[in-house]
Amino acid sequence: MSILDAIRPGARIKDLDGDGIAEIISVTRFGPDAVNLVYRAFGKVGERLLYRGDEARLEILQPGSNYTSGADGGLGEVGI
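According to numbering that gives the first Met the number 0, numbering within the sequence shown proceeds without interruption in unit steps and concludes at 79.
Shown next as C-alpha cells:
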C-alpha cells in the first residue's frame, strides 16, 4: 500500500510540515493520485494538497513511536 493510500485521520507523518511530526485531522481524496490533508503540527492547524510525487519524502510513523534526532541529550542541558 502506498503512503497516500495509507494516510488516515489520527496518523502521524514525519516531514509533512517542516522537520517535525504532523497529526492528520482529516483526509479528502481527489482520485487515485492526490489527497488534501488537514493536520496539526507545532501547535497549529494547516492544510496541504499532496500528490504521488510527494510520497518519497514522507514517512508514516507507527503508533507509539516518537521521532528522535539521535543527538546527545546532555547537549540540551542548561546550567544555572
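Beta carbons are placed, not taken as given, at the ideal position from N, Cα and C, and that holds for glycine.
In this structure, Leu60 and Ile20 form a Cβ contact; the two beta carbons are roughly 7 Å apart against a cut-off of 8 Å. Arg51 sits exposed, since fewer than 16 C-beta atoms from the chains shown fall within 10 Å of its C-beta. Annotation for Glu58: Lys13 place their beta carbon closer than 6 Å to its own, counting only its chain and skipping 5 residues before and after. DSSP places Arg7 in the coil class of the three-state scheme, outside both helix and strand.
Under DSSP, Gly45 shares a beta bridge with Tyr38. Counting every other CB atom within 10 Å of its CB across the protein chains shown gives Val44 a total below 16, marking it as exposed.
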